[in-house]
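See structure below.
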Amino acid sequence: MTHALDQLKSYLASITRLQQIGGLLSWDQQTMMPPKATNARAEQMATLESFIHNLFTSQKTAELLAKCESELTEADPDSDEVRLVRVTRRDYDQATKIPAALVEELARHQAQSHEVWVQARRENNFSLFAPALEKMFALTRQKAESLGYQHHPYDALIDLYEPGMTYNDTVALFDSLKPALVELVKNIAETGRQFDDSCLQGDFPIAKQHTFTQEVVQALGYDLTRGRQDPAPHPFCSGFSRDDVRITTRFDTHLLIKALFASIHEAGHAMYDQGTPEAYEATPLAGGASLGVHESQSRFWENMVGRSYAFCKWILPRLQEVFPDPFANLNALELYQAINRVQPSFIRVEADEVTYNLHILLRFELETQLLDGTLSVRDLPDAWNAKMQEYLGITPPNDALGCLQDIHWAEGLIGYFPTYTIGNLLSAQLREAMLQDLPNLETLIEQGEFSPILQWLRQHIHVYGRKFLPQELVIRATGKPLSAAPYLAYLQTKFKELYAFK
């Protein structure tokens, strides 16, 4: 390792630890912070983010980067050292385009907007949130302009979450999915068959749910000595180091399945972060290759594992032990059918696998329109409801079940939603590749032997952190570029069997 690289890593480690502190402040705001602390927290976040931005975009970073690039010209282009410098260069070039004042104002507004959203959602009052949302999109437009783009301001934003992705790529992605998904929904509806999911409803004390969901995610491989689970208005995962990765979930006293699948989903994210190599700790190589790759891990555990018939066989005896009412007289097939019931629903995080991506398409189309000004914030509720009716055939009875349900826009995560669909596609592609090495995958799940599954993901995804661009990583892990084909084949095979249509 060169002297310049040692210096760069030491300098970046200090910046990373400040970012981790910022993450802790954000986690605290969503889980523990008193409501009246909002303004103080907003100023804390603004000050910290501005300080971090100035450190990272300083002349010192530029000089150290240039020295490292000069000294590593003959090194292996796939070495950790070269890749670390490349990742840092990409991050630096993006960060230096954004004015420090805008970084500070975005951080301040994100903290304030979050609390307004929580109240607006609780009170079902979109007009309360509308001014904050208008300001968020105005600031985000400034951010996109600062970053620069070739065709559409969305290009600059999605690239932050999914490097190399563009607006046109995203449109093409949904165009490849939408006809098949609409056809699948139609085929299922025409069977006239519907599964009874009343068995999932009952009286589930939150304390018992908390203990049970923790036991499940621990069995999957989430290390609770390096993590914890807490309640929050919207489930999320926060990682402050490979040894401190926390998840949250949202409990419903009448529907255990909500918290169970939210916990499994967030644990998928957490296990990815916990799988970061120790050598990458406090470097730009720590973390996930992209938000889409990160989402593939959560959707893999939630759907490929958690919604499988094999998993139902494994978990049912545990459900019957902890919650005898209503699970005592249920069999594994009935549980499998209930949790895979296809029915258009208002809430994205509770959507079935077939309709889920239509929720993402709706959000993608609306946020691009809000961004380019073809849709005004005041018209968002009506536009949301119209698209829900168009894509899912239902209209939300209120905005809490409609345009107020997601936290993302309140936190400035604009350009983020397509990564959920990318994660869905990749989860199925990973499953297809995994079956080559673990042909007994379903047996492993049924027997609760999750370690070989996690180790496969560690070996093919987690061990690389941010070392490779997502396109490179997908080919390394699966042998081919990202494609919708494995995902659509998975859905068609599973739901043809479930709903018995040709």
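Residues 5 to 506 in this note's numbering are what the sequence shown lists, from first letter to last.
Glycine included, each C-beta is placed from N, C-alpha and C at the ideal position.
Per DSSP, the beta bridge partners of residue 235 are 253. Separation of residue 361 and residue 6 (C-alpha to C-alpha, rounded to the nearest whole angstrom) is 47 Å.
Within the model, the alpha-carbon separation for residue 47 versus residue 352 is close to 32 Å. Nearest in C-alpha terms to residue 58, of all of 112, 333 and 106, is 106. For the region 91-146, the full-length alpha helix (DSSP H) segments reaching 4 residues or more read 104-127 along the chain.
Taking a contact as a CB-CB distance under 8 Å, the pair residue 250 and residue 262 does not count as one, their CB atoms being some 19 Å apart. In summary, residue 466 is buried, with 16 or more beta-carbon neighbours lying within 10 Å of its beta-carbon over all protein chains present. Annotated as distal: residue 33 and residue 21, with beta-carbon spacing of 8 Å or more.
CA-to-CA, the gap between residue 42 and residue 387 works out to about 30 Å. Per DSSP, reduced to three states, the secondary structure at residue 259 is strand. DSSP assignment within the region 139-217 yields the following whole alpha helix (DSSP H) runs of 4 residues or more, N-terminal first: 157-165 and 171-195.
Bounds of the alpha helix (DSSP H) holding residue 26 are 7-35.
Residue 192 is classed as buried because its beta carbon has at least 16 other beta carbons within 10 Å across all chains shown. With a cutoff of 8 Å on beta-carbon distance, residue 268 and residue 297 are scored as not near each other.
By the Cβ test, the region 165-173 is not in contact with the region 107-119, since fewer than three Cβ pairs between them sit closer than 8 Å.
Per DSSP, reduced to three states, the secondary structure at residue 54 is helical.
At the C-beta level, residue 411 and residue 238 come within 8 Å of one another. By the CB criterion at 8 Å, residue 265 and residue 219 fall outside the cutoff.
Note on geometry: alpha-carbon atoms of residue 186 and residue 431 lie some 21 Å from one another. Under the Cβ criterion (8 Å, minimum of three pairs), the region 324-332 counts as touching the region 201-217.
DSSP places residue 242 in the uninterrupted beta strand (DSSP E) bounded by 241-245.
Between the beta-carbon of residue 244 and that of residue 28 there is about 6 Å, and that keeps the pair under the 8 Å contact cut. DSSP places residue 305 in no alpha helix (DSSP H); its state is neither H nor E. With fewer than 16 other Cβ atoms inside 10 Å of its own Cβ, residue 439 counts as exposed. Around the Cβ of residue 92, a 10 Å sphere holds 16 or more other Cβ atoms; the residue is buried.
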